[in-house]
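Undergrad:
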Amino acid sequence: MSPTDRLTRPLKGLIVGQVRALFNDKARGETPVVRSPDALFPPDSVAWRVHGDVTSMLVGGIAALLLQMLHPKVLAGVWDHSGFREDMQGRLRRTARFIAVTTFGPPDDARAMLAKVRRIHDHVGGTLPDGTPYLASAPDLLAWVHVCEVLCFLDGWIRYGEPTMSRADQDRYVAEMARIAEPLGVSPVPHTRAEAEAIMTAMRPQLRVDTRTREVARVLLDQPAPSLAAGPFQAMTLQAGVDLLPGWARAMHGLAQPEFGRPLLRAGTFGIASTLRWAFRA
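Quick note: the sequence shown uses my numbering, first residue 1, plus one each step.
Put into structure tokens, the structure is as follows:
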């Protein structure tokens, strides 16, 4: 081991430990998902490239949640059937674990996870404040949730990981994600970026913001950090998630980003991303 490695190894270990604690609930016996060579997505897939980056996935995940809640029926499912006020960190951790298991885990574990989530959706439903019924298993609602995640994860990776990503690889990523969408009952399932964007555009007339939307967004963006060390990292990634939103969605939430602060925010987030990649590099 070189002198440099002897100096940096403890720091890398500290950073990796903090990140793993953020995503794995020790109380539930969770440990990091080990990458399986026979996972649903092969090691040379675009999904492994996109989903393997901690910072861009966190940024994309925040943006996806803010987009998803603009649909009143999706918001109602969160409002009526989750403990988001008391356990927003747990909700984010479970979403991250779903992505990790279905992307990198053994195929049997991935299929079991997909089946579990589909069963949960089958039992989530109710009525909106105006009496309109909703079901979380409705294919069009699942399509909205899916395209929000796919486009936000992809755009987070492009912004903070691979700015020159080709359109062909972007389309490959969307097509690969059909392996997750189809078992969950998503319809329609996009296979190119243009198809995903078309689904999002078609859903825009159904989007709304009300007091419940603002409350869920507030809980998401004002959540306390899990530790003192994670505070600056969390604050940066939350704001970067807001910044990643399409302008029309940011305006709906009333979360306009001051232009003068954007370059500093993006530079800081890119710095965090680079540091985490360095820490996790063998």
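Even for Gly, the Cβ is constructed at its ideal location relative to N, Cα and C.
For K73, count neighbouring Cβ atoms within 10 angstroms of its own Cβ and tell me buried if that reaches 16, exposed if not.
TA: Burial call: buried.
Undergrad: Taking the continuous alpha helix (DSSP H) assigned at T201, which residues delimit it?
TA: It spans R193 to M203 - the alpha helix (DSSP H) in which T201 sits, taken as one unbroken run.
Undergrad: Could you check whether the region 155-170 touches the region 208-222, counting it as contact only if at least three pairs of C-beta atoms, one from each stretch, sit closer than 8 Å?
TA: Not touching, per the Cβ criterion.
Undergrad: Tell me whether G161 is buried or exposed, calling it buried when 16 or more other Cβ atoms sit within 10 Å of its Cβ.
TA: It is buried - the Cβ of G161 has at least 16 other Cβ atoms within 10 Å.
Undergrad: What span of residues does the alpha helix (DSSP H) with P232 cover, start to end?
TA: Per DSSP, P232 belongs to the alpha helix (DSSP H) from G231 to L244.
Undergrad: Between the alpha carbons of L299 and G131, how many angstroms are there, rounded?
TA: Any property of residue 299 remains undetermined from this structure, which presents the chain solely from 1 to 282.
Undergrad: Would you say the region 116-126 touches the region 32-52, given that touching needs at least three Cβ pairs under 8 Å?
TA: Cβ pair count under 8 Å is below three, so no.
Undergrad: For G125, report the span of its beta strand (DSSP E) as first-last.
TA: Its beta strand (DSSP E) spans residues G125 to T127.
Undergrad: Assuming V59 and A225 form a contact by the criterion Cβ under 8 Å, report the distance between their Cβ atoms to the nearest whole angstrom.
TA: The pair is not a contact, with the Cβ atoms about 16 Å apart (cut-off 8 Å).
Undergrad: Ignore the nearest five residues each way along the sequence and tell me which others in A96's own chain have a CB closer than 6 Å to its CB.
TA: Contacts found: F23.
Undergrad: Should V145 and V174 be called a contact, given that it needs their Cβ atoms to be closer than 8 Å?
TA: Going by C-beta atoms, V145 is not nearer than 8 Å to V174.
Undergrad: Just verifying my parser: in three-state terms, what is the DSSP assignment at P42?
TA: Residue state, collapsed to three classes: coil.
Undergrad: Once DSSP output is grouped into helix, strand and coil, what is the label at L75?
TA: Helix, per DSSP.
Undergrad: How is the alpha helix (DSSP H) around P224 delimited, first residue to last?
TA: Where P224 is concerned, there is no enclosing alpha helix (DSSP H), given that its DSSP letter is neither H nor E.
Undergrad: For Q68, which residues in the same chain have their Cβ closer than 6 Å to its Cβ, ignoring the five residues on either side in sequence?
TA: If we look at Q68 and ignore the five residues flanking it on each side, its Cβ neighbours are V74, V145 and C148.
Undergrad: In whole angstroms, what is the alpha-carbon distance linking G77 and L244?
TA: The alpha-carbon atoms of G77 and L244 are separated by roughly 24 Å.
Undergrad: Compute the Euclidean distance between the alpha carbons of G247 and W48, then round it to the nearest angstrom.
TA: If I take the Cα positions, the gap works out to 28 Å.
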